[in-house]
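Have a look at the structure below, then the notes.
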Amino acid sequence: MYDFKPATPLPPAELYRDLVSAADALTADEPDGIANMANVAALLWEFLPDLNWAGFYRVAPAKSGADDELVLGPFVGRPACIRIPFGRGVCGAAAQSGVTQCVADVHAFPGHIACDAASQSELVVPVRRGDTVIALIDLDSPTPARFAAEDAAGIEALAALLATRI
Ligand code: SME
53 MYDFKPATPL PPAELYRDLV SAADALTADE PDGIANMANV AALLWEFLPD LNWAGFYRVA
113 PAKSGADDEL VLGPFVGRPA CIRIPFGRGV CGAAAQSGVT QCVADVHAFP GHIACDAASQ
173 SELVVPVRRG DTVIALIDLD SPTPARFAAE DAAGIEALAA LLATRI
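Using the numbering used here, read the sequence shown as starting at 53 and increasing by one per residue.
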């Protein structure tokens, strides 16, 4: 049995250190990227309070075979938008720019895609392999301004770990 959930509320730096360490332990010996994303989505859900969605979008070919777009990956939460073009919404902005998007009020974000009406704030972090964005880690919260700089830094550390594991 895996039991990684923190026993008590931890300060963010410790929480993310433990989360990255648990993700490292779970993914180190497993070459299957989907299995690793599935377990990390479950870890995000267990470790981080006040979320209504936690998971991955992958960069993959569009159905037409044309340009790449974002395709839904493993997640915890309500069923979500399956395909998102680069540049559209919070996820599309992160994929296009390669830059973390920390959005305090999703309703104020141009083009935001509402997968769950409960979502109020969102953190999207690109996973880069070399210079290429290969996936995104997406967290949604029902609380406005749920995510701070320390959350962005913690999830960026997780993204760096996962660059060669998903
Ligand atoms: N809200 C996102 C779409 C993905 S869901 O939050 C799971 C966006 O605007 O890109």
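Just so it is clear, CB atoms sit at the ideal spot from N, CA and C, and this is done for glycine as well.
Short note on residue 155: C-beta not closer than 6 Å to any heavy atom of ligand 1. A distance of 7 Å or more separates the beta carbons of residue 122 and residue 154. Take residue 58, set aside five residues on each side of it, and the residues of its chain with a beta-carbon closer than 7 Å to its own are 67, 70 and 99, in chain order. For residue 208, the enclosing alpha helix (DSSP H) covers residues 201–214. Counting along the chain, residue 180 sits inside the beta strand (DSSP E) bounded by residues 173–181.
About 6 Å separates the beta carbon of residue 126 from that of residue 108, a gap short enough to meet the 8 Å contact definition. Counting the other CB atoms within 10 Å of its CB gives residue 151 a total below 16, which places it among the exposed residues.
One thing to note: residue 75 has its Cβ within 7 Å of the Cβ of residue 210.
Secondary structure note for residue 67: it is in no beta strand (DSSP E), and the uninterrupted alpha helix (DSSP H) holding it is 64–79.
C-alpha of residue 158 to C-alpha of residue 166: approximately 9 Å in a straight line.
Under the three-state reduction of DSSP output, residue 185 falls in the strand class. DSSP, read as helix, strand or coil, puts residue 149 in helix.
If only uninterrupted beta strand (DSSP E) runs of at least 3 residues are considered, those enclosed by the region 88–175 are 105–113, 120–129 and 153–155. The region 201–216 makes contact with the region 175–186; the number of CB pairs closer than 8 Å reaches 3 or more. The shortest C-alpha to C-alpha distance from residue 113 to any of 124, 88, 103 and 106 is the one to 124.
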